[in-house]
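**Q** Mind looking over this structure? Questions follow.
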Amino acid sequence: MVGVGLIGTGFMGKCHAIAWSAVGTVFPDVAKPRLVHLGEVNDELAKRKAGEFGFAKGSGDWRAVVNDPEVDVVSLTTPNQFHPEMAIAILEAGKHLWCEKPMAPGFAEAQAMAAAARKSGKVAALGYNYIQNPAIRHIGQLLEEKIIGEVNHLRIEMDEDFMADPEAPFFWKHEAASGYGALDDFAVHPLSLVNVLFGRVARVMCDMAKPYADRKLASGGRRAVETYDIASVLMHLENGIAGTLLVNRSAWGRKGRIAIQIFGSKGSILYDQERFNEFQLYVTADRPTEQGYRTILVAPHHKPYDAFLPAPGHGLGFNDLKIIECRELLTRLAGKPARIIDFDEGLEIERTVHAMARSFEEQRWVDVR
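Residues in the sequence shown are numbered from 227 upward in steps of one, following the working numbering.
Right under this line is the structure:
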């Protein structure tokens, strides 16, 4: 039975805890893991969260989780700037790792994390759960079958409004230590879909913007915002596809939107994550009198939807994708092929993000490699 450690109990920490708790029930082909040790910033919070999340024990020192001999794999869900030190320590301690994205604020740090993963020989996976959506999996199958012919153009967007209010206070995601902003906080998710569906990005041209120059402090006064909530990117993929990537953390009305438009020589595919369980397909093979977008509702024949629900129309959600991702991780731990983005693949996503940032700084097209 796999022993699980968890460091960090915020939004993503709870998502990981739910996944570890549910994975064996949803997917009987993997053994139910054992929730061993939870780490937080102090003992009181750690023990309270351990009780809430179902872990056997909690510690106010994350190193206690790393060094626990009963822990085989660690979920790392802390803020981005803490990933490098913690991830490397976890791998050097001989533990497998499930780390939330992005890898690190700096590319050199991400490289060090990938090197530590290779040296350890352990599984190191990144939390790109959107690639697990049955709708996205089926879109990938349709692309392989060339249902819409040869793809020539891709548009992909990610928008949320949790930073849209100009009066919302300054917090850690506004600090330069957390990264560039929407580019690495958000763009890595669409890039994970690009990576899985189409392959690597070759060249980029990027612009970034700050909708609000400063934010109020809880202690009084205001502090300059150091990150960019908006990024717009032109890109060319290695396979010749032209594309655009648009991300915005300050987009009023958008709650969890990843919108994809894929245009091919014989049709197109549209997907919007705010309509999580469906996508649209247009094919020129239809008679002209019936040509138009059809809505495909995700159903049990779109694997692994059937592991959760026996009928269409009921719908999966964000945490369900995390459960699927957890199953894929356990499958990889068992030495079998699995649909995960490991640290080497994740490093290519980080490389692309940093090329985009360099493009903005230098105001020119930049080659990713």
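Heads up, the beta-carbon is just placed ideally off N, CA and C, and yes, glycines get one too.
Mark valine 267 as exposed unless 16 or more other C-beta atoms lie within 10 angstroms of its C-beta, in which case mark it buried.
**A** Under this definition valine 267 is an exposed residue.
**Q** Ordered along the chain, which non-local residues of its own chain (more than five positions away) have a Cβ less than 7 angstroms from that of alanine 272?
**A** So the list reads Leu264, Gly265, Glu266, Gly284, Ser285 and Gly286, once near-sequence residues are dropped.
**Q** Taking the beta carbon of glutamine 367 as the centre, do at least 16 other beta carbons fall within 10 Å, making it buried, or is it exposed?
**A** Glutamine 367 is exposed by the Cβ-count criterion.
**Q** Curious, which full-length beta strand (DSSP E) runs of at least 3 residues does the region 254-286 contain?
**A** Runs found: 260-265 and 283-285.
**Q** Beta carbon of cysteine 432, beta carbon of alanine 457: below 8 angstroms?
**A** In this structure, alanine 457 lies closer than 8 angstroms to cysteine 432 by Cβ.
**Q** Is it right to say glutamate 588 is buried, meaning 16 or more other beta carbons lie within 10 angstroms of its own, or is it exposed?
**A** The residue is exposed, with fewer than 16 neighbouring Cβ atoms inside 10 Å.
**Q** Can you check DSSP and say which residues form a bridge with tyrosine 497?
**A** Tyrosine 497 is bridged to Ile486.
**Q** Quick one: give me the first and last residue of the alpha helix (DSSP H) that methionine 582 is part of.
**A** Taken as a continuous stretch (DSSP letters only), the alpha helix (DSSP H) holding methionine 582 covers 569-588.
**Q** With respect to the alpha helix (DSSP H) encompassing arginine 289, which residues constitute its N-terminal and C-terminal limits?
**A** Segment 288-292, the alpha helix (DSSP H) holding arginine 289.
**Q** Measure how close the beta-carbons of histidine 242 and tryptophan 324 come, nearest whole angstrom, since I'm counting them as under 8 angstroms.
**A** 7 angstroms between Cβ atoms; contact.
**Q** Is there contact here, the region 347-359 with the region 410-419, by at least three beta-carbon pairs under 8 angstroms?
**A** They touch, by the three-pair rule.
**Q** Between the alpha carbons of valine 451 and aspartate 568, how many angstroms are there, rounded?
**A** The alpha-carbon atoms of valine 451 and aspartate 568 are separated by roughly 32 angstroms.
**Q** Per DSSP, what kind of secondary structure is lysine 442 in: helix, strand or coil?
**A** Lysine 442: strand per DSSP, three-state reduction.
**Q** Give me, in chain order, the residues of the same chain whose beta-carbon lies closer than 8 angstroms to that of aspartate 257; leave out the 5 immediate sequence neighbours on both sides.
**A** Note on identity: in this sequence residue 257 is alanine, with aspartate being the wrong assignment. Result list for alanine 257: Met227, Val228, Gly250 and Leu556, in chain order.
**Q** Could you tell me the boundaries of the beta strand (DSSP E) in which histidine 174 lies?
**A** This structure leaves residue 174 out entirely; the chain is present only between 227 and 595.
**Q** Return the chain-ordered ranges of every alpha helix (DSSP H) run that is complete within the region 386-451 and spans a minimum of 4 residues.
**A** Counting whole runs of 4 or more residues, the region 386-451 contains the alpha helix (DSSP H) stretches 408-411 and 414-423.
**Q** Exposed or buried, what is glycine 239 when buried is set at 16 or more other beta-carbons lying within 10 Å of its beta-carbon?
**A** The residue in question, glycine 239, is buried, as its Cβ has 16 or more Cβ neighbours within 10 Å.
**Q** Got a sec, what are the start and stop residues for the alpha helix (DSSP H) valine 349 sits in?
**A** Segment: none, valine 349 is in no alpha helix (DSSP H) and carries neither H nor E.
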